[in-house]
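Let me begin by presenting the structure, written as structure tokens, before commenting on it.
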Amino acid sequence: MKAYHRYFLTLEGKLKQAFSQETEIQTAAEWIAGTLENQGWIYASGTGHSHLFSEEIFYRAGGFARVRPILIDELLLHKDASGSTEAERREGFAAEILMDYPIG
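Next up, the structure:
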């Protein structure tokens, strides 16, 4: 089987998996809508490359105005890739970071 065909089959499988989670996606959408209706904040975070999602939904034309990204330099790859892995694994690191955000 050619590489492009394997790629297509893998992509097709991932899309089927995503579509199979319609109930969970709908629930998440309702939580977000309820939070915004009540003037709450949407917090988004990610480490490594996944932090890009936080930036995509933050301060974009036509986007949600009530989004607060949690972007921690110590977890981003542009500073120190191996250091970010160590920080992710450090006991109590998340609790320490979340003290700065009024989540709840």
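Numbering (the numbering used here), first residue to last: 1073 to 1176.
C-beta: ideal position from N, C-alpha, C; glycine also.
Quantities reported herein were computed from a predicted structural model and do not represent experimental measurements.
Distance, Cα to Cα, residue i vs residue j?
i	j	result
Trp1103	Tyr1115	12 Å
Lys1074	Gln1093	30 Å
Glu1051	Thr1095	Summary: the structure shown does not reach residue 1051, with the chain confined to residues 1073 through 1176, and so no result is reported for it.
Phe1080	Ala1090	15 Å
Mind checking whether residue i and residue j have CB atoms under 8 Å apart?
i	j	result
Gly1112	Arg1138	yes
Leu1147	Glu1160	yes
Gly1118	Ser1156	no
Tyr1173	Ile1129	no
Leu1108	Phe1136	yes
Which word fits residue i, buried or exposed, when buried means at least 16 other C-beta atoms lie within 10 angstroms of its C-beta?
i	result
Ile1144	buried
Ser1122	exposed
Could you please give me the residues that DSSP links to residue i through a beta bridge?
i	result
Ala1116	Pro1141
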